[in-house]
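Undergrad: Note that our numbering has the sequence shown beginning at -4, numbered continuously upward. We treat Cβ as the ideally placed atom computed from N, Cα and C, and that holds for glycine. Keep in mind that this is a model prediction, so the values were computed, not measured.
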Amino acid sequence: MPMKTVRLPSGETVPALGLGTWMMGDDQSRRAEEIAALRRGLDLGMTLIDTAEMYGEGASERLVGEAIAGRRDDVFLVSKVYPHNASKAGTVAACERSLKRLGTDRLDLYLLHWRGKYPLAETVEAFEGLKAAGKIRHWGVSNLDSDDMDELLAVPGGEAVAANQVLYNLSRRGIEWDLLPSLQRRGIPVMAYSPVEQAKLLRERRLAALAADHGASIAQLALAFVLDRDGVIAIPKAGRAAHVEDNAGSLDVVVTDELRASLDALFPPPRRATPLEMI
Ligand code: NAP
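1) Can you find a C-beta in chain C that's less than 8 Å from the C-beta of residue 51?
2) In chain order, what are the residue ranges of uninterrupted beta strand (DSSP E) at least 3 long that sit wholly in the region 90 to 151?
3) What residue from 105, 45, 85, 57 has the CA that sits closest to residue 275's CA?
4) Determine the burial state of residue 273: buried for a count of at least 16 other Cβ atoms within 10 Å of its Cβ, exposed for fewer.
5) Just to check my reading of the structure: residue 214 and residue 165 have Cβ atoms closer than 8 Å, yes? What is that Cβ distance to the nearest angstrom?
6) Over what stretch of residues does the alpha helix (DSSP H) that includes residue 262 continue unbroken?
7) Restricting to Cα atoms, I'd like to know which of 174, 2, 26, 264 is closest to residue 234.
8) Please state whether DSSP places residue 45 in a helix, a strand or coil.
9) Do residue 33 and residue 62 count as a contact pair if the criterion is CB distance below 8 Å?
10) Given 7 Å as the limit, tell me if residue 190 has its C-beta closer than that to any heavy atom belonging to ligand 1.
11) I believe residue 75 touches residue 49 by the beta-carbon criterion, under 8 Å. Please report the beta-carbon distance rounded to the nearest angstrom.
12) Going straight from the alpha carbon of residue 87 to that of residue 148, what length do you get?
13) Closer than 6 Å by C-beta to residue 245: which residues in its own chain qualify, once you throw out the five before and the five after it? Chain order, please.
14) Run the proximity test for residue 216: is its beta-carbon closer than 7 Å to any non-hydrogen atom belonging to ligand 1?
15) Residues in the same chain with beta-carbon distance under 6 Å from residue 145, minus the five sequence neighbours each way, listed in chain order, please.
16) In the DSSP output, which residue or residues are listed as bridge partners for residue 167?
17) Between residue 40 and ligand 1, is there a pair consisting of the residue's CB and a ligand heavy atom that are separated by less than 7 Å?
18) Look up residue 212 in the DSSP assignment and say whether it is helix, strand or coil.
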């Protein structure tokens, strides 16, 4: 199945199905298996990798660096700055540390992990400086709700935001009320994190029967639901190659109107505005 792609505001396209890495690199005994899982994902076209300075306090970035060694140019590499580092100078210093751990000279996308004490305008200025210096190619945000996005778009340079990474899966559909439609209207991609609700959805008996009816695994059904939305990128984390292969199979699931209706019946869409949830 060819990889579905999502268009960034710049016009560049990225894979709609990527690889999350939270908690990878934490357990030495699993290191080789996790690196093999990421490399299997790259082989299958899941060439967008999401990491953060927060994950294992650098351990995830070091593991990703090892996994992409020799194939950096095939990867769209995403990392994130801690809010407490997101001052003008702090963002630049944090980026330099991330680049070192990742063994690369540039990030493809650098995100503010969540909103903290530094004004958005200051972080944006730092991001734009990093872009001008060639250290990052694009910047974006994470965990920003609709009012935060409006504020961001009003600061100088804010309209260059390339993505908003937020919690989105079958059991967390709140963004469908207003955040997702407003980002879609503006052409700003959503990166859906925890797309299988940290494996909790995979234990949902209600989904098991529906998945079986469609010849899919529960993970494939849950990911197909997310990927069915315009402008949405899913970044499941899988530390085992077999799980990565299973997730890649989500691209084969045909989401019909009937399947959409069945999923809506099990996990209803929002009926009112709710604050953005975070994990
Ligand atoms: P997730 O991707 O929803 O779930 C990961 C869990 O699901 C792991 O235990 C994994 O097991 C399991 N899994 C994945 N595919 C599977 C399959 N096909 N069959 C069986 N089990 C499967 O949760 P997440 O890690 O929280 O979210 C994904 C990524 O989003 C993170 O890794 C991180 O990169 C990003 N994230 C960002 C934020 C933010 O604030 N911006 C917050 C949370 C997450 P194995 O590892 O054993 O394969």
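TA: Once the coordinates are examined:
1) The structure shown has no chain C; it contains just one protein chain.
2) 104 to 107, 134 to 137
3) With the chain covering -4 to 274 only, the question about residue 275 has no answer from this structure.
4) Numbered from its first residue, the sequence shown carries residue 273 at position 278. Residue 273 is exposed by the Cβ-count criterion.
5) Taking the sequence shown and counting its residues from 1, one reaches residue 214 at position 219. Taking the sequence shown and counting its residues from 1, one reaches residue 165 at position 170. Not really, about 11 Å apart at Cβ, beyond 8 Å.
6) Here residue 262 is taken as the residue at index 267 of the sequence shown, counted from 1. It is not in any alpha helix (DSSP H) - residue 262 carries neither H nor E in the DSSP assignment.
7) Taking the sequence shown and counting its residues from 1, one reaches residue 234 at position 239. Of 174, 2, 26, 264, the residue nearest in Cα terms is 26.
8) The sequence position of residue 45 within the sequence shown is 50, counting from 1. In the structure shown, residue 45 sits in a strand (DSSP, three-state: E or B).
9) Here residue 62 is taken as the residue at index 67 of the sequence shown, counted from 1. Here residue 33 is taken as the residue at index 38 of the sequence shown, counted from 1. Against a cut-off of 8 Å, the Cβ pair of residue 33 and residue 62 comes out as a contact.
10) Residue numbering aside, residue 190 sits at position 195 when the sequence shown is read from its first letter. Yes.
11) As a first step, residue 75 must be located in the sequence shown, where it is residue number 80. As a first step, residue 49 must be located in the sequence shown, where it is residue number 54. Contact flag correct, Cβ pair sits at about 7 Å.
12) The sequence position of residue 87 within the sequence shown is 92, counting from 1. The sequence position of residue 148 within the sequence shown is 153, counting from 1. Cα to Cα, the separation comes out at about 21 Å.
13) Here residue 245 refers to the residue found at position 250 of the sequence shown. So the list reads 215, 218, 219, once near-sequence residues are dropped.
14) Residue 216 sits at position 221 when you count from the first residue of the sequence shown. No, the Cβ of residue 216 stays beyond 7 Å of every heavy atom of ligand 1.
15) Locating residue 145 in the sequence shown gives position 150, where the first residue counts as 1. There are no such residues.
16) On the sequence shown, position 172 is the one that residue 167 refers to. For residue 167, which the question treats as bridged, DSSP gives the partners 164.
17) Along the sequence shown, read from residue 1 onward, the residue named residue 40 stands at position 45. No, the Cβ of residue 40 stays beyond 7 Å of every heavy atom of ligand 1.
18) Locating residue 212 in the sequence shown gives position 217, where the first residue counts as 1. Here residue 212 sits in coil by DSSP.
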